[in-house]
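Participant:
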Amino acid sequence: QKEVEQDPGPLSVPEGAIVSLNCTYSNSAFQYFMWYRQYSRKGPELLMYTYSSGNKEDGRFTAQVDKSSKYISLFIRDSQPSDSATYLCAMTSGGYNKLIFGAGTRLAVHP
Amino acid sequence: GAGVSQSPSNKVTEKGKDVELRCDPISGHTALYWYRQSLGQGLEFLIYFQGNSAPDKSGLPSDRFSAERTGGSVSTLTIQRTQQEDSAVYLCASSSGPTDTQYFGPGTRLTVL
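Quick note, the sequences are listed as chains A and B, same order. In this text, residue positions in the first sequence follow this note's numbering: the first is 994, and each later residue adds one. In this text, residue positions in the second sequence follow this note's numbering: the first is 126, and each later residue adds one.
(1) At which residues does the beta strand (DSSP E) containing residue 1053(A) begin and terminate?
(2) Are the region 1073-1084 of chain A and the region 140-160 of chain B touching by the rule of at least three beta carbon pairs closer than 8 Å?
(3) Counting C-beta neighbours from all protein chains within 10 Å, is the total for residue 1104(A) 16 or more, i.e. buried, or is it exposed?
(4) To the nearest angstrom, how far is it from the Cα of residue 1022(A) to the Cα of residue 223(B)?
(5) Could you tell me how far apart the beta carbons of residue 1030(A) and residue 1040(A) are, in whole angstroms, since I believe they sit closer than 8 Å?
(6) Which residue wins for smallest C-alpha separation from residue 186(B), given the options 160(B), 230(B), 226(B)?
(7) Do you know offhand how far residue 1024(A)'s Cα is from residue 169(B)'s?
(8) DSSP three-state label for residue 1086(A), please.
(9) Enumerate in chain order the residues of its own chain whose CB-to-CB distance from residue 1097(A) is below 6 Å, with the five nearest sequence positions on each side excluded.
(10) Here's a check: name, in chain order, each residue in its chain whose Cβ is nearer than 7 Å to the Cβ of residue 1005(A), leaving out the five neighbours to either side.
(11) For residue 208(B) and residue 237(B), what's the separation of their Cα atoms in angstroms?
(12) Nearest by alpha-carbon distance to residue 234(B): which of 162(B), 182(B), 195(B) is it?
(13) According to a CB-to-CB cut-off of less than 9 Å, which residues of the region 1039-1073 of chain A neighbour chain B?
(14) Name, please, each residue of chain B whose Cβ falls closer than 7 Å to the Cβ of residue 1096(A).
(15) Going straight from the alpha carbon of residue 156(B) to that of residue 127(B), what length do you get?
(16) Classify residue 139(B) as helix, strand or coil using the three-state DSSP reduction.
(17) Determine the direct distance from the alpha carbon of residue 1054(A) to that of residue 1067(A), and round the result to whole angstroms.
(18) I believe residue 213(B) touches residue 227(B) by the beta-carbon criterion, under 8 Å. Please report the beta-carbon distance rounded to the nearest angstrom.
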């Protein structure tokens, strides 16, 4: 079993929809949780960063962490075609950022 | 300012050949990471450099893989006697410190025929 599980999709939604992306993990030592966005043929870029449990909001994006369930989510409100990309969750136990990534979910937002 | 750069952007090689992949981190960043992204897979950690400390090589999949970082800046990932299963995108990232945000390069797409 992988340490981090993420549904690869693809997920196709109409413009304006609310998108929910999720990851589950097995290592209870993980404390830092990240979401990266990766456009085709590009490197990943950090979108959201959360420490421990709770919610964090940044514009149209909300990250949630539930450590008791070992479950993290990324919500995208009012999705736009420019949000079409692969979204990767990543996490680490700290010390240094040896990140453990999910497989990534491919999202397509169509006009 | 300039981001992380990698070269070449694409590399096609024959099975059994050696390849070298280069990473130029963001100037002043002391931490440097190599990851591998296979088709449909997430990023797999390969190796981590921090300053002048001994690198963490725990993610290297076999002894055919090696990496060095000269002068605390540029890094080279070398794959000897390449195999078809080595085909992947090799991504480099750097950060200003060991717990800081990692900035990724565009990757090198390696195809082993």
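Ideal placement from N, C-alpha and C gives every residue a C-beta, glycine not left out. Every value quoted in this text rests on a predicted model; they were computed, and no experiment measured them.
Facilitator: This is what the structure gives:
(1) Unbroken run through residue 1053(A): none, as it is neither H nor E.
(2) The region 1073-1084 of chain A vs the region 140-160 of chain B: no contact.
(3) exposed
(4) 18 Å
(5) 5 Å
(6) Of the candidates 160(B), 230(B), 226(B), the one whose C-alpha sits nearest the C-alpha of residue 186(B) is 160(B).
(7) Using only the alpha carbons, I get a separation of about 19 Å.
(8) Coil.
(9) 1079, 1081
(10) Cβ neighbours of residue 1005(A) within its own chain (closer than 7 Å, five residues either side excluded): 1101, 1103.
(11) 6 Å
(12) 162(B)
(13) If the cut-off is 9 Å between Cβ atoms, the region 1039-1073 of chain A has 1039, 1042 near chain B.
(14) Counting only Cβ-Cβ distances below 7 Å, residue 1096(A) has contacts in chain B at 165, 166, 167, in chain order.
(15) Distance between the alpha carbons of residue 156(B) and residue 127(B): 16 Å.
(16) coil
(17) Here the C-alpha atom of residue 1067(A) lies approximately 7 Å from the C-alpha atom of residue 1054(A).
(18) Contact between residue 213(B) and residue 227(B) fails: their C-beta atoms lie close to 18 Å from each other, not under 8 Å.
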